[in-house]
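The numbers in the numbering used here rise by one with no breaks, and the one at position 80 of the sequence shown is 88.
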Amino acid sequence: MKINQRRTIIAGNWKSFKDKDRALDLVEKLVENSDSFFPEVVIAPPPMLLELIINHVGSTIKVASQNCHGSGQANMLKKLGISYCIIGHSDYRQDGETNDMIRDKVDLLLNNDITPILCCGENRYDREKGHEHDVITDQLDNLDNYLSHMVIAYEPVWAIGGNTTASLRQIQDMHAHIRKILSYNNVPILYGGSCNPINATEIFSDPNVDGGLIGRASLIPDQFNKLIDIAKLAKF
Ligand code: PGA
9 MKINQRRTII AGNWKSFKDK DRALDLVEKL VENSDSFFPE VVIAPPPMLL ELIINHVGST
69 IKVASQNCHG SGQANMLKKL GISYCIIGHS DYRQDGETND MIRDKVDLLL NNDITPILCC
129 GENRYDREKG HEHDVITDQL DNLDNYLSHM VIAYEPVWAI GGNTTASLRQ IQDMHAHIRK
189 ILSYNNVPIL YGGSCNPINA TEIFSDPNVD GGLIGRASLI PDQFNKLIDI AKLAKF
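Here it is as structure tokens:
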């Protein structure tokens, strides 16, 4: 069993994928491979598929919303039975979502018993300037009272959606930095950004990496199931 008591989570961010039949096929293949015990498997379909998916996942897979836009929606997500909500993803930060707006969303979600998966990550320019630690510190600032109830996902913006993953050294360094900022040792920190079955064994070997937030590979059943199996081996 894991030495630390943190949850291990493999979360799939489906973004704008909305093919209903393929989505149901994907869920079926994930359900076959997952036991509700370890690791936690989470999928985040787009809003129009949320209800369909939540009716098909059974008890072994949890469902996340990809964002939350106000108290009405947070309440609706709670009623639907949504467990997690991704916030602060770089797609939305790039569209003008600020740290203050994200903090308000954290508050709303926790008041509705939904766990925020808070994404943080520096862009390429910040990394080239050597500012990556300051950016992350800033993104996690002002959340002290909430952090123990959240999940953090470190997603360097320059590693999302392309062919470059952060190196193990960069991941270890940033996850240790985030762990230092959190005064609670129980907060899972996931890595995201071109994580796939080829690089995951190395990435999940870091004790401060508690799983992954997976984009493209979460839409390929064999790849996502493989990532779940790799996490099981690395963390159990
Ligand atoms: P990727 O996406 O795994 O396709 O790089 C990750 C994300 O956007 O969360």
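No residue lacks a Cβ here, since even glycine has one placed at the ideal position from N, Cα and C.
Whole angstroms are fine: how far does the CA of residue j sit from the CA of residue i?
| i | j | result |
| --- | --- | --- |
| F25 | E136 | 32 Å |
| L116 | N150 | 15 Å |
| V65 | H141 | 38 Å |
| G78 | I179 | 33 Å |
| D121 | R177 | 35 Å |
| K240 | L227 | 19 Å |
| A72 | I94 | 7 Å |
| K113 | A82 | 9 Å |
| I144 | N193 | 18 Å |
| I160 | L32 | 28 Å |
| I90 | I51 | 10 Å |
| T106 | K70 | 27 Å |
| G138 | V35 | 41 Å |
| E59 | P53 | 9 Å |
| G104 | S191 | 29 Å |
| I62 | H183 | 31 Å |
| G80 | Y92 | 16 Å |
| L155 | R30 | 35 Å |
| L88 | D134 | 39 Å |
| Q13 | R187 | 14 Å |
| H185 | V195 | 13 Å |
Closest by CA to residue i, which one among the options?
| i | options | result |
| --- | --- | --- |
| N252 | R111, A161, R132 | Outside the modelled stretch of the chain, which goes from 9 to 244, sits residue 252, for which no answer is possible. |
| T172 | D43, R14, R132 | R132 |
| A167 | I186, S202, K240 | S202 |
| G169 | R224, P53, L32 | R224 |
| I238 | H97, L60, I18 | I18 |
| E130 | L118, M109, R101, D121 | R101 |
| D214 | N204, D181, K70 | D181 |
| N75 | Y162, V143, C127, I206 | C127 |
| G200 | N193, G219, K188 | G219 |
| K86 | L60, N119, G104, N63 | N119 |
| F45 | A31, E36, R15, I62 | R15 |
| E207 | P54, K70, K188, S175 | Checking the sequence shown, residue 207 turns out to be Asn, not Glu. That would be S175, whose Cα lies nearest to the Cα of N207. |
| P55 | V35, P47, L148, M84 | M84 |
| L148 | L60, R30, I189 | I189 |
| K243 | I61, N204, E48 | E48 |
| I125 | P229, D134, G96 | G96 |
| N204 | D108, P229, M109 | P229 |
| D108 | D146, V195, L88 | D146 |
What do you reckon, are the CB atoms on residue i and residue j nearer than 9 Å?
| i | j | result |
| --- | --- | --- |
| T123 | H157 | yes |
| I222 | N21 | yes |
| V217 | I197 | yes |
| L57 | K23 | no |
| E163 | S98 | yes |
Quick one: what's residue i bridged to in DSSP?
| i | result |
| --- | --- |
| E48 | I17 |
| T172 | Looking at the DSSP assignment, T172 forms no beta bridge with any residue, so it has no partner. |
| V159 | I125 |
| A72 | Y92 |
| I222 | G20 |
| L198 | A161 |
Are three or more beta carbon pairs between the region 228-237 and the region 30-44 nearer than 8 Å?
yes
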